[in-house]
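The letter at position 179 of the sequence shown is residue 178 when you use numbering that gives the first Met the number 0, and the numbering goes up by one with no holes. Think of the CB as a built atom: it goes at the ideal place given N, C-alpha and C, for glycine as much as any other residue.
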Amino acid sequence: MLSGFAQDVQVMSTLKYAMFVLLVTAALGYLFYLIWRNFHRARVIEDTPTARVRSAAQGYVELEGRGRSLPERQVIAPLTKIPCVWYRFKIEKEQHSSRGGSNWTKVESGSSEDPFVFYDRTGDCLVDPRQAEVTPGTKKVWYGKSRWPGGAERKGLLGMLVGRRYRYTEERIDPGSLYVLGWFDTLRSTDQSVGAEVSGLLRDWKQDQATLNARFDKNRDGQIDADEWQQARKAAQREVVQDRAARSAQAAVNIVRASGHDRYPFLISAKPQQSLSSRYRRNAIFSLLGSVFAAGVLAWMLVVRLQA
0 MLSGFAQDVQ VMSTLKYAMF VLLVTAALGY LFYLIWRNFH RARVIEDTPT ARVRSAAQGY
60 VELEGRGRSL PERQVIAPLT KIPCVWYRFK IEKEQHSSRG GSNWTKVESG SSEDPFVFYD
120 RTGDCLVDPR QAEVTPGTKK VWYGKSRWPG GAERKGLLGM LVGRRYRYTE ERIDPGSLYV
180 LGWFDTLRST DQSVGAEVSG LLRDWKQDQA TLNARFDKNR DGQIDADEWQ QARKAAQREV
240 VQDRAARSAQ AAVNIVRASG HDRYPFLISA KPQQSLSSRY RRNAIFSLLG SVFAAGVLAW
300 MLVVRLQA
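If you want it as structure tokens, here you go:
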């Protein structure tokens, strides 16, 4: 069989051979990236000390505690209607081909973007899950006849044999133990500059031109001239300063979110950090084995071609 492949490589056109080499090279490059990515995540998890919410420094932190949804913003998993901390779902439809085969095509998907509460014995903070790499604690797969699930569930072999037109997959983080690795910030209601708040307030006022003219069009010509606009700006500044003074007494909010840099991965996991680190190391090893195979294929193709 290998000799047959060798003959194919030797006689194929230069363009086709170049495309194969390019494809294998691209796969090799991607596998090298996966090796770095997974080993880097494992090392970050292992090397970052675990902090407490109350004493956490601003910047990149690792936290271990528990999670729950905000009382005023309950997170409900869309397929099972179960209250949770975070969810991800997928709905697939079975498609049949003319040859009698079938495959699953995704028709709906989504994940939770609502912030939730992380807490330990020392305090609590918010977690913004957007852009996070999430490891859920619960995964559920079942089948049904409608696009959105309803009625009795059909799981496993029974679901595959009876009414398998749609397949539903839901992953969740339920209230309970949680591991978070991300960028810790303390947000204050007065963090935005005065100038930015004044500009924003003036934009809001311009949305209601009639009220703006009633307040600042002193000569009643139906337009706000330069002097009148300056008076409006001064009024907006006074209002912003008064509002900031009232807000300065409000408590600051601690939040963990994405750093925006791949050097500092944002990880949320319902599984303990030891399990998470081991998984990343396994993935790195699998990628390493794949890269060795791809490099071998590439070298073999080059040698066989040179012998043609």
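Which residue marks the beginning of the alpha helix (DSSP H) containing residue i, and which one marks its end?
i, result
"Thr24", "Thr13 to Asp46"
"Val303", "Gln272 to Leu305"
"Phe265", "Unbroken run through Phe265: none, as it is neither H nor E."
"Arg171", "First-last for Arg171: Tyr165 to Ile172, but that is the beta strand (DSSP E), not the alpha helix (DSSP H)."
So what does residue i bridge to, in DSSP terms?
i, result
"Ala234", "Paired residue(s): none; Ala234 is not in a bridge."
"Asn253", "Thr185"
"Trp141", "Tyr167"
"Ala50", "Leu62"
"Pro82", "Ile75"
In terms of residue numbering, what span does the beta strand (DSSP E) encompassing residue i cover?
i, result
"Val106", "Ser101 to Ser110"
"Leu125", "Gly122 to Val126"
"Leu62", "Gly58 to Ser68"
"Val116", "Phe115 to Asp119"
"Ile90", "Trp85 to His95"
From the DSSP output, in three-state form, read off residue i for me.
i, result
"Asp203", "helix"
"Val197", "helix"
"Thr210", "helix"
"Ala131", "coil"
"Gln73", "coil"
"Trp228", "helix"
"Val179", "strand"
"Gln6", "helix"
"Gln222", "coil"
"Asp242", "helix"
"Asp216", "coil"
Roughly how far, in whole angstroms, is the beta-carbon of residue i from the beta-carbon of residue j, given that I think they are within contact range, below 8 angstroms?
i, j, result
"Pro264", "Leu180", "7 angstroms"
"Arg87", "Glu170", "5 angstroms"
"Arg72", "Ala257", "About 19 angstroms separates the two Cβ atoms, so there is no contact after all."
"Leu266", "Ala131", "7 angstroms"
"Pro174", "Gly66", "6 angstroms"
"Val296", "Val116", "Not a contact, Cβ separation roughly 50 angstroms."
"Ile172", "Val60", "19 angstroms between Cβ atoms; not a contact."
"Ala283", "Ile34", "5 angstroms"
"Ile90", "Val74", "That pair is no contact at about 19 angstroms."
"Val52", "Asp123", "6 angstroms"
"Ala293", "Ala26", "5 angstroms"
"Arg232", "Leu201", "7 angstroms"
Let me check you understand the geometry: is the CB of residue i closer than 8 angstroms to at least one non-hydrogen atom of the ligand FAD?
i, result
"Ser274", "With respect to small molecules bound, the structure shown includes none, and the ligand FAD cannot be examined in it."
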